[in-house]
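Numbering (this note's numbering), first residue to last: 3 to 441.
Each residue gets a CB set at the ideal place from its N, CA and C atoms; glycine is no exception.
The structure presented is a predicted model; accordingly, all values stated were derived computationally and were not measured.
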């Protein structure tokens, strides 16, 4: 009998270890809505994957997503829909691989959005932003150069407990070995997604993303990049946004809402004219995307309307791929926002390997803000002499960092608090914007 028990326990241990060994990365929490939440996981071989979940503190009643069979053709990725949820709830969950629980040494949680409309004031919101996440892989990096580092920033982000994170591009860095083939592109996404320091952050914070040149293609890539359909496919495989390609013309344009906030996720690469083409009027976003954005902003009832894109929107220095290098389209967009009387617009940007807040005062209307947050783990760089005339004093950050946004207050007194933190979670600078100032 002792031998039978011993071998049974041994078999159970081997079986559990086998499931653990099949997990490549994740699970990750994607978008949240009132009636469904998307989750994500990746295995390293074909497997059957599901999520079992229950209302937090009430494990006696559990639900299970449909089972997804992962396969090599789609990078062994599983997108899993929790569709037995209710609004205004928090849930705990566990990952199942081949119908066996894969324990994780950190919390696995998600939440549904609050049904507050016509009932209460909008809920307070806490979210994070960041860009430029480089993960070293020496055999494919430039020789004798360590560009990425301080991965503990993701542990600090997890400890900060934002409800969700908005990734502002350069979320992975495609290298020369990657960007010409589907194999290389999927390798790079898999390698970055599998970073150990990221796993707790994936497990309990909702994630939304746009891209910039390094996760879209080659450095400073534009619409001519030959592999953009491959990177678009990879982006959609590895992120879990609620919608995509809202212009119908390709790319990763999308939107989502959280409380009384709405986020407009712009694609600054797929339709972009070459930076150096001086033979014609050049575009960063393209006519269809600009028109979609204006329509969506006009239709939005959000208190704060966050327009997220890779490159800086307000900086008046016309280099480093700022929007000022596309002056005609920049004027077209800013004029349309003013002419349409759109309230509450704030830009969220990355790319620059430093952080800063820009404020553009406009005659006859409210000022526009651009909060730039960069880098997470890529090499930092800040030039205090760069003459961005809109930069607010004491907001330039020249080290690896992230930002936490909090929106609080009653219906007619909403306040946005912006705080920037270093890799260890130490506060570096802060700024507040009242909703009443953006009307």
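Whole-angstrom C-beta distance between residue j and residue i, which should lie under 8 Å
{"i": "residue 352", "j": "residue 133", "result": "3 Å"}
{"i": "residue 160", "j": "residue 202", "result": "5 Å"}
{"i": "residue 454", "j": "residue 101", "result": "Look at the range of the chain in this structure, 3 to 441, and you will see that residue 454 is not part of it."}
{"i": "residue 313", "j": "residue 224", "result": "Not confirmed; about 12 Å, so no contact."}
{"i": "residue 153", "j": "residue 367", "result": "That pair is no contact at about 42 Å."}
{"i": "residue 53", "j": "residue 67", "result": "5 Å"}
{"i": "residue 361", "j": "residue 392", "result": "6 Å"}
{"i": "residue 222", "j": "residue 96", "result": "In fact, because the Cβ distance is near 43 Å, the residues do not count as touching under 8 Å."}
{"i": "residue 292", "j": "residue 345", "result": "Going by Cβ atoms, the distance from residue 292 to residue 345 rounds to 19 Å, so no, they are not a contact pair."}
{"i": "residue 311", "j": "residue 246", "result": "In fact, because the Cβ distance is near 15 Å, the residues do not count as touching under 8 Å."}
C-beta contact flag for residue i and residue j at 7 Å
{"i": "residue 381", "j": "residue 55", "result": "no"}
{"i": "residue 470", "j": "residue 162", "result": "Residue 470 lies beyond the stretch modelled for the chain, which goes from 3 to 441, so this question has no answer here."}
{"i": "residue 328", "j": "residue 284", "result": "yes"}
{"i": "residue 372", "j": "residue 315", "result": "yes"}
{"i": "residue 177", "j": "residue 210", "result": "no"}
{"i": "residue 263", "j": "residue 306", "result": "yes"}
{"i": "residue 229", "j": "residue 219", "result": "yes"}
{"i": "residue 254", "j": "residue 278", "result": "no"}
{"i": "residue 300", "j": "residue 390", "result": "no"}
{"i": "residue 21", "j": "residue 104", "result": "yes"}
{"i": "residue 106", "j": "residue 57", "result": "no"}
{"i": "residue 137", "j": "residue 98", "result": "no"}
{"i": "residue 2", "j": "residue 77", "result": "Outside the shown range of the chain, which is 3 to 441, sits residue 2, and nothing can be said about it."}
{"i": "residue 400", "j": "residue 384", "result": "yes"}
{"i": "residue 258", "j": "residue 308", "result": "no"}
{"i": "residue 195", "j": "residue 180", "result": "no"}
{"i": "residue 359", "j": "residue 394", "result": "yes"}
Reference residue i, options the options, closest by Cα
{"i": "residue 155", "options": "212, 146 and 135", "result": "135"}
{"i": "residue 63", "options": "242, 304 and 94", "result": "94"}
{"i": "residue 114", "options": "422, 125, 230 and 174", "result": "125"}
{"i": "residue 75", "options": "374, 69 and 188", "result": "188"}
{"i": "residue 151", "options": "328, 408 and 403", "result": "403"}
{"i": "residue 24", "options": "41, 31, 47 and 37", "result": "47"}
{"i": "residue 248", "options": "267, 236, 260 and 239", "result": "267"}
{"i": "residue 417", "options": "28, 221 and 127", "result": "127"}
{"i": "residue 85", "options": "101, 91, 37 and 73", "result": "37"}
{"i": "residue 217", "options": "65, 233 and 168", "result": "233"}
{"i": "residue 82", "options": "32, 264, 104 and 111", "result": "32"}
{"i": "residue 165", "options": "66, 131, 302 and 293", "result": "131"}
{"i": "residue 350", "options": "295, 230, 27 and 168", "result": "168"}
{"i": "residue 174", "options": "192, 354, 185 and 264", "result": "192"}
{"i": "residue 433", "options": "439, 424 and 420", "result": "420"}
{"i": "residue 363", "options": "336, 290 and 200", "result": "336"}
{"i": "residue 452", "options": "303, 431, 348 and 340", "result": "This structure does not reach residue 452, given that the chain is present from 3 up to 441, and the question cannot be answered."}
{"i": "residue 365", "options": "340, 286 and 359", "result": "340"}
{"i": "residue 287", "options": "354, 359 and 251", "result": "251"}
{"i": "residue 1", "options": "259, 97, 236 and 342", "result": "Absent from the model: residue 1. The displayed extent of the chain is 3 to 441, so no value can be given."}
{"i": "residue 26", "options": "45, 430 and 439", "result": "45"}
{"i": "residue 40", "options": "208, 342, 289 and 275", "result": "208"}
{"i": "residue 355", "options": "414, 338 and 376", "result": "376"}
Counted within 10 angstroms of its Cβ, other Cβ atoms place residue i as buried (16 or more) or exposed
{"i": "residue 428", "result": "exposed"}
{"i": "residue 397", "result": "buried"}
{"i": "residue 426", "result": "exposed"}
{"i": "residue 87", "result": "buried"}
{"i": "residue 441", "result": "exposed"}
{"i": "residue 386", "result": "exposed"}
{"i": "residue 8", "result": "Any answer about residue 8 is weak, because its pLDDT of 44 lies below 50 and its placement is not dependable; what the coordinates show is given next. Residue 8 comes out exposed."}
{"i": "residue 409", "result": "buried"}
{"i": "residue 273", "result": "buried"}
{"i": "residue 158", "result": "buried"}
{"i": "residue 42", "result": "buried"}
{"i": "residue 374", "result": "buried"}
{"i": "residue 330", "result": "exposed"}
{"i": "residue 117", "result": "exposed"}
{"i": "residue 10", "result": "Any reading at residue 10 must be qualified, since the residue scores a pLDDT of 46, below 50, and its modelled position is unreliable; the value itself is stated next. Label assigned to residue 10: exposed."}
{"i": "residue 29", "result": "buried"}
{"i": "residue 442", "result": "In the structure displayed, the chain extends from 3 to 441; residue 442 sits before or after that span and is not available."}
{"i": "residue 357", "result": "buried"}
{"i": "residue 185", "result": "exposed"}
{"i": "residue 342", "result": "exposed"}
Check: residue i C-beta below 6 Å from any heavy atom of the ligand ATP
{"i": "residue 190", "result": "In terms of ligand content, the structure shown is empty, and the ligand ATP therefore cannot be addressed."}
Minimum Cβ-Cβ distance from residue i to chain D less than 7 Å
{"i": "residue 347", "result": "Absent here is chain D; the protein component of the structure consists of one chain."}
Problem set entry | Entirely enclosed beta strand (DSSP E) segments - the stretch 357–389, minimum 3 residues | Listed in chain order, they are 358–362 and 370–374.
Exercise. What residue ranges within the stretch 243–275 form continuous alpha helix (DSSP H) runs of no fewer than 4 residues, ordered along the chain?
Worked result: As far as the stretch 243–275 is concerned, it has no whole alpha helix (DSSP H) run of at least 4 residues.
Exercise. Fully enclosed by the stretch 177–256, which beta strand (DSSP E) runs are 3 residues long or longer?
Worked result: Counting whole runs of 3 or more residues, the stretch 177–256 contains the beta strand (DSSP E) stretches 208–212.
For this session: Ignoring anything shorter than 3 residues or poking outside the stretch 15–54, list the beta strand (DSSP E) runs there in chain order.
Result: 25–34 and 39–45, all fully within the stretch 15–54.
For this session: Starting from the N-terminal side, write out each stretch of the beta strand (DSSP E) that is 3 residues or longer and does not extend beyond the stretch 47–119.
Result: Within the stretch 47–119, the complete beta strand (DSSP E) segments of 3 residues or longer fall at 49–57, 70–72, 79–84, 92–99, 102–104 and 111–113, listed in chain order.
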